[in-house]
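With the first sequence counted from 1, adding 1324 to any position gets you my numbering. Reviewing the structure listed below.
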Amino acid sequence: MDELSKQYNPKEAEDKWYKFWEEKQLFHARVNPAKKPFTIVIPPPNVTGILHMGHALNNTIQDILIRYHRMKGREALWVPGTDHAGIATQNVVEKAIAKEGIRRQDLGREKFIERVWQWKEQYGSTIIHQLKKLGSSCDWQRTRFTMDDEYSRAVKEVFVSLWGRKPAGLIYQDNKVINWCPRCQTALSDEEAPHQELQGNLYYLRYPLKINPDEYVIVATTRPETMLGDTAVAVNPKDKRYKHLIGKTVILPLVDREIKIISDSMVDMDFATGAVKVTPAHDPNDYVLGKKHNLEFINILYPDGRLNENTLGYKGMDRFKAREAVLGDLKEKGLLEKVEPHQLSAGHCYRCHTLIEPYMSRQWFVRMKPLAKPAIEAVKKGKIKFHPRRWTKVYLNWMENIQDWCISRQVWWGHRIPLWYCCDCNNLALASVDNPKQCPACKSSNIKQDEDVLDTWFSSWLWPFAIFGWPFKDQGTRQQKELDYFYPTSVLVTAPEIIFFWVARMIMAGMEFMKDIPFSDVYIHGTVRDIEGKKMSKSLGNIIDPLEIINEYGADALRFSLISITSQGQDVFLSKERFEQGRNFANKIWNASRFILMNLDPVQAKDSPSDLYKRQGLGTVNRWILSRFYSVLLEVNKNLDAYKFNEAANALYAFFWHEFCDWYLEIIKPDIKNLFNQKVMRLVLNDFLCALHPFMPFITEEIWQKLNPPGLAQGEPASIMSGHWPEIQKKAVDINLEKEVQCIFGVINVIRNLRNEIELKPEQKAEVSIYPHSKAGFKIIEEQTVLIQNLSRLNRLNLLKDNLRPEAVKSAVAEGVDVYLHFSGLIDVRKEKEKLEARINEIKINIAGKQGRVKNRDFLKKAPPDVVQKEKDSIEALGDSLKRMEKMYYELG
RNA sequence: GGGCUCAUAGCUCAGUUGGUUAGAGCGUUGCGUUGACAUCGCAAAGGCCAGAGGUUCAAGUCCUCUUGGGCCCACCA
């Protein structure tokens, strides 16, 4: 067989096998009634995206699930794609053309959109290539983009459907205070304007009374410039301080507007002065007050955040400049009472992090309550399960308090709102999937489409079914069959911050348009953070680039390390050193495989049937390693099914390294050409590679191919990934519990420790005497003398009938035997005694504790019998050990 | 203000419905390279499981509170 190079070269293997998989179309899935489907839709990264650790984690998890179920015989489909990411992409392209000195307004809408498409053609597949580097086994033939023609049609269809929903349309227009980003110059939904803590000031302003300008009402605000848009002052009706002023008028400073003092229970008497300035066009609360009390709504801002013509001399000033100016002018007039430092939290644009301005404008909204209802039910009834479970509560809490969704955006890149207005007859807006030619009422052809585009998430929420080409013009098409087969999808894998944006809305869309859940399970993984717990971000400069790690350590190392430190749903704290573990593991696998391949006789190891463990004459060690392998496999299955990826990965790691390599291979080394050793060694390596393949796809394929060269295994698949997930041999699992196995490995372990204590080199043979406590033990040791000799590198093993203590020995107690290692050196008796004493004390304490328990009548009555029995057995065994150790102790003199 | 989450070895973290003597990786220390592997091997040291109560025959694990981190949501200007 081929000899492998001394070190594993990830780069070569990764490129080679990824190409191979793609060429053989092994990622492609199709409708196959003979198989159960297993479907995942990728959370589509932004077309502007560059692979970061969050993506790496997210996609590794999906790939593990997909590869696992594919190998288990499901028709596994992982649909990839990208999101057009309206605002984000527009920003990127705007920056790009800015280098040419052009603004988008210079180009005009159509030309600008053309430029975005050009940009998308050129750079939009960057992230796709990067996902391939990671090893993602997506069905690339099905790659979708949220602005594909087919997809766009789905978006329009959905809009029209909600518009015309009975009994009342769910889409409406309203002029209200929304989140406005002055930099992106668009409205944002509440989710797109996350609150951040800010260190600001609370400014106390004096508003003079009209009847007596020397008397003031003092109001407090964090945004003093908004006073220019004040149309009332509000106090709590119960507030005795202000009772006499309710209904009176104050003169708004600087603009000299007369505004009323109103009362409303919304006002918190205990905050600041208890009197609040009301700016209905620039504060969500004030907006409510404005509606309730019929106040005037005065907009004081241009869309870019400068003050507008309603602000007299402040017109044209940026909002922050205006704040300074207003404060200066108030101070000059003696109307600034005081300034206090004040911590507040305010919305920030999730795309550019600019401070959000509450801003009244005409926007389109989706009424959410009717959509939320079935989506809440689906989760409450357990049709959709969150993992870890705690996210269920977060989801339900948000859904039950859901607010209407602002879906119109004042940007150019995106799905244009499919609404048309007649310029001639002022007819109501017409919602239509196909571009209408004329006004349905007056037949005028002078119609125009709404200028705004839809929120990006208004297209993302259709992802699980729109990717299949929904809605279908004709029934019974291939696409329709595919949707029927692959939908609902199996599991959605994403990060917590996406629950509201996307997960919740997909559930609503699924229930509304498919009348079915979009997926049955949602796995929420943690956020990737740096070693100090900070979120990784470009601006903090604490990014660890996955591509750099792939380059340096290999994709398998990246994947394995990430997974092994990601316990279910906990955040991941990363440092670069972490990836050494994965690299080292890959190298270990490589070298162990190299050793096996070097020693594998192709004829003897040709067939290693899965029921190998039943064969007569296998030998204890072979039976033991098979037993261990199958119980690890059992664990891997269980953990993968429970989304405990780290535990599955770590079980494989520990087994391979510390049982298969450290013990098994070392043990069989002297007799490696033995027929059964050959067969078992090959079987375990092969099936281990299969079980590890979802985690480390490249190296497992590389070695599997060498282990299964074409022509050797006929009728078998040509790739590990389309191979079979090893079947657990349940009966083999229990072999490990057999007395014989336990005894042998106990003895070997003890001898190893003794050898180590006197620092015997591996090549130095030793003489050991063993005294078994029982006849059965005697028989086991007698039968396995050769084995023990080999394993422990002995040149002589004496089996004692009487426990006569030989001279010059190191001694220890193992499972049912006393072990004496003879050696010619001097023993530090005092040290030996100290050690034994410590151990004896430990055991004594242990026994005392157990005896207390066993004497306890409640324990005997209430604990399950097997636990009681275990305790009793354990006392007996410990007592036995204790006696022997004490004897050894005294024998030392 | 509401909710979630974390505190276990020097460091970073596992520990599934409560059940023998609490684990891993890294780091440290000792020994070991012509023999698959120095990106290595074999071993050792290292823990009042944050603190205080409670439930239980039995608590790192369940409950309550305290302390100290982190996160999310919320209209205190």
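Positions of the beta carbon are idealized from the N, C-alpha and C atoms, including for glycine. None of the values given here were measured: they were computed from a predicted structure.
In the DSSP secondary-structure assignment, residue 1499 is bridged to 1686. Within the same chain, 1524, 1525, 1526, 1546 come within 7 angstroms of residue 1666 by CB-CB distance, once the 5 residues on both sides are set aside. Closest in alpha carbon position to residue 1508, among 1688, 2172, 2145, 1676, is 1676. In this structure, the CA atom of residue 1918 is about 12 angstroms from the CA atom of residue 2028.
Around residue 1639, the same chain offers 1631, 1632, 1633 as residues with beta carbons nearer than 7 angstroms, after the five sequence neighbours per side are excluded. Short of 7 angstroms from the beta carbon of residue 1788, and not among the five residues preceding or following it, lie these beta carbons of its own chain, in chain order: 1365, 1811, 1813, 1830, 1834, 1842, 1843. Residue 1601: member of the beta strand (DSSP E) spanning 1599-1602, first to last residue. Rounded to whole angstroms, the Cβ separation of residue 1455 and residue 1404 is 7 angstroms, and the two are in contact under 8 angstroms. Contact between residue 1681 and residue 1629 holds: their C-beta atoms lie close to 6 angstroms from each other, under 8 angstroms.
Membership of residue 1491 in any alpha helix (DSSP H) is not indicated, and neither H nor E is assigned to it by DSSP.
The three-state reading of DSSP puts residue 1944 in helix, counting H, G and I together.
Here residue 2110 is exposed: its Cβ has fewer than 16 other Cβ atoms, across all protein chains shown, within 10 Å. When beta bridges are read from the DSSP output, residue 1845 appears opposite 1709, 1815. Every alpha helix (DSSP H) stretch that sits fully inside the region 2025-2108 and reaches 4 residues is listed by chain position as 2054-2057, 2063-2081, 2099-2107. In the structure shown, the three-state DSSP call for residue 1662 is strand. Bounds of any alpha helix (DSSP H) do not take in residue 1582; it lies within the beta strand (DSSP E) bounded by 1581-1587.
By alpha-carbon distance to residue 1741, the top candidate from 1759, 1769, 1748, 1728 is 1759. With 16 or more other CB atoms across the displayed protein chains lying within 10 angstroms of its CB, residue 1890 is buried. In this structure, residue 1779 and residue 1766 do not form a Cβ contact; the two beta carbons are roughly 32 angstroms apart against a cut-off of 8 angstroms. For residue 1678, there is no enclosing beta strand (DSSP E), as DSSP marks it with neither H nor E.
Take the alpha-carbon of residue 1410 and the one of residue 1936: they are about 59 angstroms apart. Put simply, the backbone Cα of residue 1923 is about 15 angstroms away from that of residue 1330.
The region 1881-1895 makes contact with the region 1381-1399: 3 or more CB pairs, one atom from each, lie closer than 8 angstroms. Within the same chain, Cβ atoms closer than 8 angstroms to the Cβ of residue 1415 are found at 1508, 1675, 1676, the five residues on either side in sequence being excluded. Distances from the CA of residue 2007 to each of 2057, 1571, 2067, 1934 were compared; the closest alpha carbon is that of 1934. As DSSP reads the structure, residue 1505 sits in a beta bridge with 1510.
If only uninterrupted alpha helix (DSSP H) runs of at least 4 residues are considered, those enclosed by the region 1773-1831 are 1781-1784, 1787-1790, 1802-1810. Below 8 angstroms, enough C-beta pairs join the region 1548-1555 and the region 1603-1620 to call them touching: three or more.
Secondary structure note for residue 1918: its alpha helix (DSSP H) is the uninterrupted segment 1902-1923. CA-CA distance, residue 1736 to residue 1761, rounds to 22 angstroms.
Note that the C-beta distance between residue 1702 and residue 1828 is not below 8 angstroms. When secondary structure is reduced to three states using DSSP, residue 1527 falls in the strand class. Pairwise C-beta distances place the region 2193-2204 in contact with the region 2172-2180, as three or more of them are shorter than 8 angstroms.
Below 8 angstroms, too few C-beta pairs join the region 1788-1797 and the region 1341-1361 to call them touching: fewer than three. According to DSSP, residue pairing for residue 1370 in a beta bridge involves 1407. Under the three-state reduction of DSSP, residue 1453 is assigned to helix.
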